Amino acid sequence: MKLLTNLKKNRSYVVILLLTVLYALLLSANPVGDAYSNAFASKSGEDMFSPHHLLYAFYGNIILKLFGFLPFEPMTLLQLANAVVAGGCLLLIRRMLKRIHHEESFLCASVLFCGVSFGFMRFATDNECYIVPLFFCLLSIYYLQVFLVRNSMSRLLKAAVAISFGCLFHQLSVIAWLCVFGVIVFNRNKKYPLAFLAVSLIVPICYFVATFSIFGSASLSDTVAFALTDYINGTAQMPQAKQVVLLSLVSLVRTYVQLHGYMFEFAKSNIVLTVVVLAGVATLIVFAIMKTKKNSLRNLILFQERRFVRMLWVYLILTFGFAAFSNGNAEFMIAIPFILVLLYSYYFSQSKNLLYLSCAMLLWNVYFGLYPQASQRLTPNEDIAELCRQNPNAVFVLKDKNVVENIYLYKYGKQNLPTLYREDKYSEQQYLKDKSEGKTIITDLVSAEETLGRAKLTSHVTFDFSQVKNRQTLFEFSSCKCKRTVCKL
């Protein structure tokens, strides 16, 4: 009885534990290209320091050294590490919410909302570099929340250390750094902003050391150039007006619920279960709407609450603005559900509407998001990577060139990597040149069918391989996401 009583009083911890277990059980069987790139760097110790997520591969390398004795693939270990850190993010948001609301029902609903948002779930089950910096950003914001009440130097220093590590794990955390510093700089005690800046010197110092370790020398200009590599060489995409609005809106929706073309094919293969899931989601949304009508607005009385809330609004606007500037990059919106839950907690006290909405999101995102990604291979990229190993002298023209290349590096290293082209980087002139030199060309672009998604909207083929005669089909692949015929020309 005592155990049950304690569980009831602290059931938000149970929610966090169950969500963490859910992430660990439904790890993605279709890691994205960056996940393989990160795993290669962590596994091999090569290319360890990437400018925009400086310490992530190094952190992964430590994880593999500490837990490499376990019977898991390196990729699986790194995914599990993200699942555990994701649980840490939920613990932090609970800690912040606890300072605003003491009711366990509110904490449960709020934590569940953050934990089942698809933009968070997808990274909690893969080896991408967004969960760890989010953890440090939330930790810094938590210490800022406490600092605004207690006005203590120790909390400020902890906030500075946390956000500095966030910046070292991903440059996106600079947005949170600006918001936290923006609050501290207006404090009457001028020692506080100076102390915050002094601790933040950790970031440029680490970039300086990384620059020296990579190039053998370092100067201020070299360090700045290294830190801004992705913007200088064009890797970071600049905004294109025709894409910004559409992709930003789609990515914002996908921050909460999975939205992808493969869902229709997946639904058709599981009609009865899909109908049951959709009925459950619709019912929960109706309940959420009914409960929302009874919600009442709270007044922000305390000065420190108003300061903190203003900071959250700025953080929200800057986060969405930068994501939109990056052509609606969904990865950069990962913090938005956490920011909105904090804002909601300051303005409202009703939790039942949030609970019903969160349950609807959980049902939708597990069924249409995590389960398909965890239970089946959606692309032939691993098979194509094996073909690359078997045909090191061939030329490969591929739909997912970067993903295949990173899979190859992760599995086989840099040795004998064949020539790979992206679909929009291979012209008819290059084809004629390769054929005249007697090269074997292998492609998955013949009769390729792709469901609607970001990749389909932002890419195009520059050479029609279907016009080439005497093709040899190596294998065919079909899933709810794509249909590919891999041919030798």
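FYI, in the working numbering the residues of the sequence shown are 541 to 1029.
Glycine included, each C-beta is placed from N, C-alpha and C at the ideal position.
In this text the structure is predicted, and so the values were computed from the model without any measurement.
Tell me the rounded alpha-carbon separation between residue i and residue j.
| i | j | result |
| --- | --- | --- |
| Tyr886 | Ile640 | 7 Å |
| Thr1013 | Leu620 | 38 Å |
| Cys648 | Leu858 | 28 Å |
| Phe908 | Ala914 | 11 Å |
| Tyr553 | Tyr599 | 27 Å |
| Cys746 | Leu708 | 8 Å |
| Thr665 | Arg794 | 16 Å |
| Phe860 | Tyr971 | 42 Å |
| Gln685 | Arg695 | 9 Å |
| Leu760 | Phe752 | 11 Å |
| Met901 | Pro571 | 22 Å |
| Leu674 | Thr823 | 32 Å |
| Val672 | Val1008 | 47 Å |
| Leu903 | Val784 | 29 Å |
| Val624 | Gln711 | 22 Å |
| Val821 | Gly659 | 18 Å |
| Leu960 | Leu595 | 28 Å |
| Glu990 | Leu882 | 38 Å |
| Asp974 | Phe766 | 35 Å |
| Asn550 | Arg634 | 11 Å |
| Val739 | Val815 | 54 Å |
| Leu1029 | Lys941 | 18 Å |
| Leu632 | Tyr682 | 7 Å |
| Ile874 | Phe663 | 9 Å |
| Leu737 | Gly722 | 12 Å |
Can you tell me where the alpha helix (DSSP H) with residue i in it begins and where it stops?
| i | result |
| --- | --- |
| Thr616 | Pro614 to Lys638 |
| Val935 | Counting along the chain, Val935 falls outside any alpha helix (DSSP H), though it belongs to the beta strand (DSSP E) covering Val935 to Leu938. |
| Gln969 | Glu968 to Ser976 |
| Thr560 | Arg551 to Leu565 |
| Val743 | Ile742 to Phe755 |
| Pro912 | Tyr911 to Ser915 |
| Met901 | Lys892 to Asn905 |
| Glu922 | Asn921 to Gln930 |
| Thr832 | Ile811 to Thr832 |
| Ala875 | Per DSSP, Ala875 belongs to no alpha helix (DSSP H) and is neither H nor E. |
| Thr769 | Thr769 to Ile772 |
| Arg838 | Looking at the DSSP string, Arg838 is not in any alpha helix (DSSP H), and its letter there is neither H nor E. |
| Lys1009 | From DSSP, Lys1009 is part of no alpha helix (DSSP H); its letter is neither H nor E. |
| Gly953 | Where Gly953 is concerned, there is no enclosing alpha helix (DSSP H), given that its DSSP letter is neither H nor E. |
| Leu918 | Here Leu918 belongs to no alpha helix (DSSP H), and DSSP marks it neither H nor E. |
| Arg728 | Premise fails: Arg728 is in no alpha helix (DSSP H) and is neither H nor E. |
| Gly506 | No answer is possible for residue 506: the residues shown for the chain start at 541 and end at 1029. |
| Ala699 | Met693 to Phe709 |
| Phe653 | Glu644 to Val656 |
| Asn1063 | Here the chain covers residues 541 to 1029 and nothing more, so residue 1063 does not appear. |
| Ala758 | Per DSSP, Ala758 belongs to no alpha helix (DSSP H) and is neither H nor E. |
| Phe806 | Tyr802 to Lys808 |
By Cβ distance below 7 Å, which residues in the same chain neighbour residue i in space, the five residues on each side in sequence not counted?
| i | result |
| --- | --- |
| Leu617 | Ile603, Leu604, Phe607 and Leu610 |
| Asn601 | Ser582, Gly585 and Met588 |
| Ser680 | Ala699, Ala702, Ile703, Gly706, Ala716 and Val720 |
| Asn946 | Gly573, Tyr576, Ser577 and Phe580 |
| Asn667 | Pro571, Ala575, Asn578, Ala579, Met615, Leu618, Gln619 and Asn622 |
| Glu845 | Tyr886 |
| Leu799 | Val790 and Val793 |
| Asn905 | Val656, Phe658, Met661, Val797 and Gln798 |
Under 8 Å Cβ to Cβ from residue i, same chain only, skipping five residues before and after it: list those, please.
| i | result |
| --- | --- |
| Lys831 | Gln890, Lys892, Asn893 and Tyr896 |
| Gly627 | Ile556, Leu557, Leu559, Thr560 and Tyr563 |
| Ala988 | Lys939, Cys1022, Lys1023, Arg1024 and Thr1025 |
Go to residue i, then tell me how far its beta strand (DSSP E) extends in each direction, as first and last residue.
| i | result |
| --- | --- |
| Lys1023 | Cys1022 to Lys1028 |
| Glu668 | Counting along the chain, Glu668 falls outside any beta strand (DSSP E), and DSSP gives it neither H nor E. |
| Glu1016 | Gln1012 to Ser1018 |
Taking 8 Å as the cut-off, is the C-beta of residue i nearer than that to any heavy atom in the ligand NAD?
| i | result |
| --- | --- |
| Glu644 | Absence of the ligand NAD from the depicted structure is noted, as is the absence of any ligand whatsoever, leaving it without description. |
On the DSSP bridge list, what partners appear for residue i?
| i | result |
| --- | --- |
| Ser590 | His593 |
| Leu960 | Phe936 |
| Ile981 | Val935 |
| Val797 | Partner(s): none; Val797 has no beta bridge. |
| Val986 | Thr1025 |
Got a sec? Which residues, its chain only, sit under 6 Å from residue i by beta carbon, not counting five neighbours each side?
| i | result |
| --- | --- |
| Cys677 | Gly706, Ser713 and Ala716 |
| Tyr855 | Cys719 and Ile879 |
| Leu652 | Val555 and Ser898 |
| Gly655 | Leu559 and Leu630 |
| Asn869 | Ala863 |
| Tyr802 | Thr991, Cys1020 and Lys1021 |
| Glu1016 | Thr1025 |
Against chain B, with Cβ distances strictly below 9 Å, would residue i count as a contact?
| i | result |
| --- | --- |
| Phe658 | Among the protein chains of the structure shown there is no chain B, as only one such chain exists. |
(request) Could you tell me whether the stretch 927-934 touches the stretch 968-984, using the rule of 3 or more Cβ pairs below 8 Å? (result) yes
(request) Count the C-beta pairs between the stretch 1016-1025 and the stretch 801-810 that are closer than 8 Å, then say yes if the count reaches three, no if not. (result) yes
(message) Under 8 Å: do the stretch 944-955 and the stretch 968-980 share three or more Cβ pairs, one atom per stretch?
(response) The answer is no - the stretch 968-980 does not touch the stretch 944-955, with fewer than three Cβ pairs under 8 Å.
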